[in-house]
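Report on one structure; see the data block that follows.
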Ligand SMILES: [Zn+2]
């Protein structure tokens, strides 16, 4: 019998999802976001790059605006209207104090109780090497949650310190601890990924809907084994 996951905490009102690229949340956890916004919770997105290096056939100056627009459309499908782009360079994000300061400033502006980010482990599914951007951003998110609460670290951000983050939830990991039942949000999770049409069409010859549905429904079905048979999006939770 597979070890069963805990349900994600539900006693919170505001979440902030911080990831490297447009599409990271749609491949990872948009169905969970739909479930949260259905319950009246506020979720905002901060995307560290504009994903401008993500489409082989489209130069960065044209790709960035397309990908920002697709991300805003994806967010709207799951009830998220607040989407910010921090403008770090796609593919070559540097882990360091400049990144931590930008993320701490975002956390201070949004004052979330829950912060969501994406797998920053060395690998996906054990053997696929993760990207440098994902590794840098995920680690910086966890660090910036602490920075945001300390008035003496990055004292020049516009917003006041915020030490109210209670959990950081990391999507897309091999060793999750918690899950969200996405029975009601799954269809919107599929449609939110489909909004990345220019990206998907450059990536695969498969029909975009068949591609998005196969992936997102497949992930949710796989995770159901660890969550009482319910379609699930899973997270590794770091309490604070
Ligand atoms: Zn990514």
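Numbering (UniProt numbering), first residue to last: 1 to 240.
Here a beta-carbon is modelled for each residue, glycine too, at the ideal position from N, C-alpha and C.
Fair warning: this is a prediction, and the values are worked out from it, not measured in the lab.
* Residue of 3, 224, 21 and 15 minimising C-alpha distance to residue 119 -> Ranked by how close their Cα comes to the Cα of residue 119, the residues 3, 224, 21 and 15 have 21 in first place.
* Asked: Buried or exposed: where does residue 23 fall if 16 or more other Cβ atoms within 10 Å of its Cβ makes it buried?
  -> buried
* Which same chain residues, not among the five before or five after residue 1, have their C-beta less than 8 Å away from its C-beta? -> Residue placement at residue 1 cannot be trusted, given a pLDDT of 47 that sits under 50; the coordinates are not used to answer.
* According to the neighbour-count rule (16 or more other Cβ atoms, all chains shown, within 10 Å of its Cβ), is residue 11 buried or exposed? -> exposed
* Taking C-alpha atoms, which residue in 134, 45 and 153 lies nearest to residue 244? -> There is no way to answer for residue 244, as the model of the chain reaches only from 1 to 240.
* Contacting residues, own chain, Cβ-Cβ under 6 Å from residue 153 (five flanking each side not counted) -> Here the set comprises 147.
* **Neighbourhood of residue 129 by C-beta distance below 8 Å, restricted to the same chain and skipping five residues each side** => The answer, listed in chain order, is 122 and 123.
* Where residue 21 sits in the DSSP three-state scheme -> coil
* Asked: Of the residues 3, 43 and 174, which one's Cα is nearest the Cα of residue 16?
  -> 43
* To do: With residue 181 as the anchor, note down where its alpha helix (DSSP H) starts and where it stops.
  => Residue 181 -> not in any alpha helix (DSSP H); beta strand (DSSP E) instead, spanning 178 to 181.
* Asked: For the putative contact between residue 177 and residue 237, defined by C-beta atoms under 8 Å, what is the C-beta separation to the nearest angstrom?
  -> 5 Å
* Can you tell me the Cβ-Cβ gap for residue 86 and residue 46, rounded? I've got them flagged as a contact below 8 Å. => 6 Å
* **Where residue 250 falls: helix, strand or coil (DSSP)** => In the structure displayed, the chain extends from 1 to 240; residue 250 sits before or after that span and is not available.
* Taking all protein chains shown into account, decide if residue 65 is buried (16 or more other Cβ within 10 angstroms of its Cβ) or exposed. => exposed
* **Boundaries of the alpha helix (DSSP H) in which residue 44 is found, first to last residue** => No alpha helix (DSSP H) contains residue 44, which is instead part of the beta strand (DSSP E) from 42 to 47.
* Asked: residue 97 by DSSP, collapsed to three states: which one?
  -> helix
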